[in-house]
């Protein structure tokens, strides 16, 4: 069966209709899943195995049969661990049908079909009884339902239901408990992901300051967590204002409540500063004694222990509703509010009357309503976009470029989403601006798509300066912002013959890299803790070959260290002074590998050429040393094309090259690429 699908093309801006096979969604789900990453997480797997063995032993010591319930079994790994540890029977629940089918095959291949029953249902639909999915309630509950925020995948309501309907009272649970930790910090870098800072512009008549409107300044933002690889955040980018404290913990062996609630801890700052950010992570104890512990703590918390790299569980950055100046040693109350799926934080100073207030008054004082964005900027701009708009060096490049092209009589059209360029252009002397920011009489916002622009929108004037960053909220891959070129083509009839286009051109760049860890998300596992999971490898591979293996995928590489094995190479250029051509833009060539290492893939990014000597890179900022360590633009995602096989170049006496063929189809706006080692 085929399905007729519609989508807006991010590069050309047009609406497209095409047929997709019924397996398309399933293949995407598998290809982009983090199953491989979880199977490569040695620390997680070893600790789960130890915890399961211990739980089965405790049940057996009581003279009971060990009946295991494994919710969200995935590959069936945890159930196979339980069966091999001596469990009498395991019920493995998996709601995603293709995954459940794979689990059945994996269980059979490993010889556990008589001990493990895979149930393809949501756990809340599972029945217990002689004619049910489960013959009886389980006395060991094993789950892996956690995300970076711990509760974002619905762990709490799932546990709540399981305790009521699927497991015995006083059951063993693996993990036994989870504990959430927090640390209060000041960080201009992370705060720049939430607030728009004032922008300083050097104009002819002195310095001008663009100040965000008060509703944006006072907006609490959105409550969703910002999950990042905190281990890539240098210690110079934040100041710890408190010690690490325990915020709350959940005992999974007892009935769990999912209803909204709050937790409160008292803090004494170890340093004076501006409280802006709450950093948070969790750990899980696989056993009641806490001897078997799996932690997400970042590098500065346990500097002596080896860090396990993982991408399925990271660390959390929470933004306080407002910046709070605090003094060393003063008493503060930090409150974590949560609903079923998310957590958010408030900080209050301990006032005398608050100390005396009873618990009920405190409850009304706090409230557990999640913050709501009132300024709408947090709905338009994501966190990296805030960071990009707050990047002073980047703004300076645009100001320098605009100063070169703007005259007092310039009529300027800006095509970009939520851009500050029109305001910059106004302060730099442009007479009239049209925007396809509060300068109502100077800047006109046109609510029309470029191809529907009429002379009346422009007051019958011709555009002398066309500008764009370019940035569009619909862009996922670096070249999607080439929508600027298509919009420029659509407004051609409104441009003066001597029009200046900024940026004047763009170029696509490529570099071959070796990843420190990111390669794991694409690497087959084979066996995991002695169990054959080849079926899962094959399943991921089939889904990748369905389409994804020939495509690049977006990753913020500042979070994923890599070293360059080749020089960066410019492979395609796009001339914005001309309209989009009818013919495709193609290139072929080869890149020599200059360093020893494993060629995991190619990284691709765009550079925008604003003026003769001014360019903005969305990718590589610099190769920082002889080893080839790379610094990447922290506000953008780069495109990563993983090679299907890895070549390890041990010596450079025999130069190895990677050949490439790249084609930009101007009709569809899509880039097809192929690399051969």
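Residue numbers (full-length UniProt numbering): 1 to 677. Each residue gets a CB set at the ideal place from its N, CA and C atoms; glycine is no exception.
- Fully contained in the region 482-550 are the following beta strand (DSSP E) runs of length 3 or more, in chain order: 495-502 and 505-515.
- Counting along the chain, the unbroken beta strand (DSSP E) around residue 91 starts and ends at 89-93.
- DSSP lists no bridge partner for residue 459.
- Beta bridge pairing from DSSP links residue 635 with no other residue.
- Within the region 137-173, the complete alpha helix (DSSP H) runs of at least 4 residues fall at 155-165.
- Considering only 490, 661 and 76, the residue with the shortest C-alpha distance to residue 448 is 490.
- DSSP, reduced to helix, strand and coil, places residue 130 outside both helices and strands of the structure shown, so it counts as coil.
- In the displayed model, residue 374 falls within coil according to three-state DSSP, outside both helix and strand.
- Contact annotation: residue 186 and residue 86 have beta-carbon atoms that are not nearer than 7 Å.
- Per DSSP, residue 223 lies in no beta strand (DSSP E) and is assigned neither H nor E.
- Going by beta carbons, residue 563 and residue 629 fall inside the 7 Å limit.
- A Cβ-Cβ separation of about 7 Å places residue 338 in contact with residue 151 under the 8 Å criterion.
- According to the DSSP assignment, residue 389 belongs to the alpha helix (DSSP H) that extends over 383-389.
- With the rule of 3 Cβ pairs closer than 8 Å, the region 113-131 does not count as touching the region 302-318.
- Two segments are said to touch when three or more pairs of C-beta atoms, one from each, lie closer than 8 Å; by this definition the region 158-168 does not touch the region 273-284.
- Nearest to residue 172 by alpha-carbon distance, out of 194, 154, 61 and 239, is 61.
- Counting the other CB atoms within 10 Å of its CB gives residue 111 a total below 16, which places it among the exposed residues.
- By the criterion of a C-beta distance shorter than 8 Å, residue 657 is surrounded in its chain by 590, 591, 592 and 593, once the five residues flanking it on both sides are discounted.
- If you ignore the 5 residues before and after residue 584, its C-beta comes within less than 7 Å of the C-beta of 663, 664, 665 and 666, all in its own chain and listed in chain order.
- The Cβ neighbour count for residue 568, taken over all protein chains shown within 10 Å, is at least 16; the residue is labelled buried.
- Pairing residue 82 with residue 340, the inter-Cα distance amounts to about 29 Å.
- Pairing residue 295 with residue 283, the inter-Cα distance amounts to about 4 Å.
- Counting other Cβ atoms within 10 Å of its Cβ, residue 107 reaches 16 or more and is therefore classed as buried.
- Within the region 200-269, the runs of alpha helix (DSSP H) at least 4 residues long that lie entirely inside it are, in chain order, 214-217.
- Membership of residue 51 in the alpha helix (DSSP H) is indicated by the continuous run 42-61.
- In terms of Cβ geometry, residue 533 and residue 75 form a close pair [threshold 7 Å].
- In the three-state DSSP reduction, residue 668 falls in the coil class, being neither helix nor strand.
- With at least 16 other beta carbons inside 10 angstroms of its own, residue 79 counts as buried.
- Residue environment analysis places residue 315 among the buried positions, since at least 16 neighbouring C-beta atoms fall within 10 angstroms of its C-beta.
- Residue 109: member of the alpha helix (DSSP H) spanning 97-109, first to last residue.
- Around the beta carbon of residue 202, fewer than 16 other beta carbons lie within 10 angstroms, which makes this residue exposed.
- Separation of residue 40 and residue 303 (C-alpha to C-alpha, rounded to the nearest whole angstrom) is 23 Å.
- Residue 283 is bridged by DSSP to 179 and 295.
- Residue 445 counts as exposed, since fewer than 16 other beta carbons sit within 10 angstroms of its beta carbon.
- For residue 581, the secondary structure class from DSSP, reduced to helix, strand or coil, is coil.
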